[in-house]
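Residues 2 to 296 (the numbering used here) are what the sequence shown spells out, left to right.
One structure below.
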Amino acid sequence: MANRILFSIPVHERPDIIRDQAINILKFCPSSVVVMHLSKGVNNDDDLALFKKGIEGLDGVILNADEGNRVDTGDGHSGIFQAHYANYLLAEKLGIDFSTICLLSSNELLIKSGLEDYTAQHHIGCQTVLSDPTSNWHLFNRDLLSRLQSVGFLDDLEISQFYFGGQAEGQFYRKDIFKKIATIFRNFFPRSRPAGFETEEVIPPTIVANLTVDGGKEMMPVPPITLCDYCHDLSITPKLIEKIRSGWGVIYAPKKNGMLVSPHIGWPSFKTIFSVKRVPREECEIRSFIRSLAP
Numbered sequence: 002m003a004n005r006i007l008f009s010i011p012v013h014e015r016p017d018i019i020r021d022q023a024i025n026i027l028k029f030c031p032s033s034v035v036v037m038h039l040s041k042g043v044n045n046d047d048d049l050a051l052f053k054k055g056i057e058g059l060d061g062v063i064l065n066a067d068e069g070n071r072v073d074t075g076d077g078h079s080g081i082f083q084a085h086y087a088n089y090l091l092a093e094k095l096g097i098d099f100s101t102i103c104l105l106s107s108n109e110l111l112i113k114s115g116l117e118d119y120t121a122q123h124h125i126g127c128q129t130v131l132s133d134p135t136s137n138w139h140l141f142n143r144d145l146l147s148r149l150q151s152v153g154f155l156d157d158l159e160i161s162q163f164y165f166g167g168q169a170e171g172q173f174y175r176k177d178i179f180k181k182i183a184t185i186f187r188n189f190f191p192r193s194r195p196a197g198f199e200t201e202e203v204i205p206p207t208i209v210a211n212l213t214v215d216g217g218k219e220m221m222p223v224p225p226i227t228l229c230d231y232c233h234d235l236s237i238t239p240k241l242i243e244k245i246r247s248g249w250g251v252i253y254a255p256k257k258n259g260m261l262v263s264p265h266i267g268w269p270s271f272k273t274i275f276s277v278k279r280v281p282r283e284e285c286e287i288r289s290f291i292r293s294l295a296p
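Rendered as structure tokens:
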């Protein structure tokens with residue numbers, strides 16, 4: 002099957018909403034597989050049964066709920082990339098055929114078709130911003146630099162005095178490239194030693210930046226596929242979604258203090274955007290509007 006996408010999503014609440022998200026993905030990417038990692042924080046048998054029931058009857062949707070695979074993603078630290086890694090391992094164990102893995106969050110939705118073709122042309126979707134200790138983004142600081150140095154992660158990449166950061170939502174990788182990222186991640190940030198920071202916003206961008214140095218054209222990244230509203234003074238509205246679906250336009254919005262600049266602001270980025278965040282995990286106008294969109 003040509004360029005089948007594996008969507009990896011950590012989930013922790015609202016079985017009805019994760020079903021809605023799975024249906025949304027299958028509408029816009031009908032040949033894809035969706036693996037949803039259920040947070041270890043969901044440990045009540047009745048709640049677990051509700052999540053399993055939530056995806057019943059959806060072909061290609063898998064709930065990663067085995068106790069041995071699950072990590073706690075509730076606090077937003079350390080566990081998110083571990084959850085994606087666990088989903089990748091489960092897909093490999095099950096022998097799932099896929100060409101690209103795409104990392105999503107549970108409060109975003111796809112808004113248009115064409116992602117299979119797009120990811121066939123581009124093998125990496127990742128933002129790579131060089132660390133700046135004078136920046137006010139919380140993951141650019143000397144303490145984290147020292148942490149990355151002390152575990153040997155930067156030495157392994159043959160860099161020492163800097164690293165990279167980037168948006169987590171909407172990253173995508175060709176399968177063999179993600180395998181490289183996952184192997185390095187496992188070697189330096191094993192599950193038995195929680196990293197204590199948002200690895201999904203630092204580890205893949207730093208590895209990708211290293212790969213681009215002499216990796217050739219196929220290693221050149223494009224932005225992640227998700228337009229996020231939390232870094233800039235920006236609202237996700239039906240009007241904005243319609244503009245993005247038209248294919249042309251530029252978003253201008255002031256960056257919020259303490260946030261990393263969005264990879265989609267200030268240039269004609271609409272052809273790189275396939276998903277939007279934040280969509281509240283509840284029935285609301287924007288969720289209903291997206292549900293009404295044609296593929």
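Virtual Cβ for every residue (Gly too), placed ideally from N, Cα, C.
On a predicted model such as this, the values are computed, not experimentally measured, just so you know.
Nonlocal neighbours in the same chain, by C-beta distance under 7 Å from G126, ignoring five residues either side: So the qualifying residues of the chain are G171, Q172, F173, P222, V223, P224, P225 and I226.
Per the DSSP calculation, T101 is bridged to which residue(s)? Bridge partners of T101: I6 and R175.
Among all the DSSP beta bridges, which residues are the ones paired with T227? Answer by DSSP bridge pairing, in chain order: S276.
Could you name the residues that DSSP lists as bridge partners for K256? BP columns for K256 point to H233.
Host beta strand (DSSP E) of L261 (start-end): Counting along the chain, no beta strand (DSSP E) covers L261, and no H or E run does either.
Given P255 as reference, the closest of R148, I245, G267 and I56 once Cα atoms are compared: Closest option to P255, Cα to Cα, is G267.
Length of the line joining the Cα atoms of T200 and M220: For T200 and M220, the distance between alpha carbons rounds to 21 Å.
Span of the beta strand (DSSP E) holding V35? Start and end: V34 to L39.
Provide the residue span of the beta strand (DSSP E) that contains L91, from first to last. First-last for L91: G80 to K94, but that is the alpha helix (DSSP H), not the beta strand (DSSP E).
Just list the residues that DSSP pairs F165 with in beta bridges. Under DSSP, the beta-bridge partners assigned to F165 are L131.
Cβ-based neighbour list, N25, same chain, cut-off 6 Å, excluding 5 preceding and 5 following: Closer than 6 Å at Cβ, skipping near neighbours: L110 and L111.
So, with DSSP's three-state summary, where would you put G55? Secondary structure of G55 (DSSP, three-state): helix.
Between which two residues does the beta strand (DSSP E) harbouring L1 extend? Residue coverage of the chain in this structure runs from 2 to 296, which leaves residue 1 outside it and unanswerable.
Return the chain-ordered list of same chain residues with a C-beta closer than 8 Å to the C-beta of R288, the five sequence neighbours on each side being excluded. Cβ within range, chain order: D21, L110, V280 and P281.
Quick check on I160: does DSSP put it in helix, strand or coil? Three-state result, I160: coil.
Enumerate in chain order the residues of its own chain whose CB-to-CB distance from L158 is below 6 Å, with the five nearest sequence positions on each side excluded. Beyond the five residues adjoining it in sequence on each side, L158 comes within less than 6 Å, by CB distance, of N211 in the same chain, given in chain order.
Under 9 Å between the Cβ atoms of Y86 and R148? Going by beta carbons, Y86 and R148 fall outside the 9 Å limit.
Can L228 and I208 be called in contact, C-beta distance under 9 Å? Result no, Cβ atoms of L228 and I208 do not sit closer than 9 Å.
Could you tell me whether the Cβ atoms of T120 and R175 are closer together than 9 Å? One thing to note: T120 has its Cβ within 9 Å of the Cβ of R175.
Within a Cβ cutoff of 7 Å, which residues of the same chain sit near I102, ignoring the five residues on either side of it in sequence? Here I102 has L7, S9, Y89, F173, Y174, K176 and F179 as same chain residues with Cβ atoms under 7 Å from its own Cβ, once five neighbours each way along the sequence are excluded.
Cutting at 7 Å between CB atoms, please list the residues of its own chain near R194, excluding the five before and the five after it. Here the set comprises nothing.
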